Amino acid sequence: MKASLPPPLPLPSPGADGMMGVRPGRVLALAGVLAAGVLLLKLVPPGTSWIYPPCLFHRLTQLQCPGCGATRAVALLLKGDVTAALRHNAMLVVATPPLLWSAGRSLWPWVQGQKPPATRIHPGIIAGVLLSLALFGLVRNLPFDLCRWLSPP
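So the sequence shown is numbered by the working numbering: it starts at 143 and just counts up by one.
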C-alpha cells in the first residue's frame with residue numbers, strides 16, 4: 143500500500159486585507175499614533191513645556207511617585223541612552239520589554255480586523271505589579287545613598 147501525503151494548505155491571498163489578514167489602514171493608523179508620540183518627544187523634550195503635566199503627587203508631597211521621571215526615561219530610551227533612562231525611572235525601563243510585548247499581543251487582533259479576545263489577568267500578577275510599584279515608590283524615597291539612585295536627578 144502506497145502512503146499519500148495530504149494536500150498542501152492553501153496560502154493566504156493578500157486580497158484587500160494584505161498579508162496574513164493585516165489591514166493596512168489600521169497599521170498606518172497605529173504607526174501614525176506612534177510617530178506622533180515620538181515626534182512630540184523629539185521636538186518638545188520633557189520638562190520644557192506645559193504639554194507634559196507635572197506630577198501632582200510630587201507637587202503635594204515632595205516625594206517621587208513610581209511614575210516620576212517616566213516621560214524623560216521614554217525620551218532617553220528613544221535616543222538609545224539606556225543608562226540615563228535607568229537613572230530617571232528604572233522601573234519603567236525594566237518593564238518596557240514586557241509592556242511592548244503585551245501591547246503588541248493585544249493590538250495584533252485589532253490590526254487584523256478581529257475582535258480582541260477577552261483577556262483575563264491572574265489576580266496574582268495584578269497584586270505582584272501593584273506591590274512592585276508600591277515598593278519602588280517607597281524605596282526611591284528612602285533617605286539612604288543606596289536608594290537615592292532610584293530617584294530622578
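Just so you know, even glycine gets a beta-carbon here, dropped at the ideal spot from N, CA and C.
Here the structure is a predicted model, which means the values were calculated and not measured.
- Inter-residue distance for Tyr-194 and Leu-220 is about 17 Å (C-alpha atoms, whole angstroms).
- Straight-line spacing of the CA atoms in Pro-240 and Ala-226 works out to 20 Å.
- The alpha helix (DSSP H) runs of length 4 or more contained entirely in the stretch 223-274 are, from start to end of the chain, 224-230, 232-253.
- Rounded to the nearest angstrom, the Cβ distance from Gln-206 to Ser-293 is 5 Å, consistent with a contact under 8 Å.
- By a beta-carbon distance limit of 8 Å, Val-253 does not contact Leu-176. Their separation comes to about 13 Å.
- For Arg-168, the enclosing alpha helix (DSSP H) covers residues 166-185.
- In this structure Leu-275 is in contact with Pro-208, their Cβ atoms being roughly 5 Å apart against a cut-off of 8 Å.
- Per the coordinates, the alpha-carbon of Pro-251 lies some 6 Å from the alpha-carbon of Lys-257.
- Straight-line spacing of the CA atoms in Ala-212 and Gly-179 works out to 14 Å.
- Per the C-alpha coordinates, the member of Met-233, Leu-202, Thr-261, Ala-232 positioned closest to Ala-245 is Thr-261.
- At a Cβ-Cβ threshold of 9 Å, Leu-242 and Val-235 do not count as neighbours.
- Burial state of Ala-215 is buried, judged by a 10 Å Cβ sphere holding 16 or more other Cβ atoms.
- The three-state reading of DSSP puts Arg-290 in helix, counting H, G and I together.
- Assignment of Leu-198 by DSSP, reduced to helix, strand and coil, places it in the helix class.
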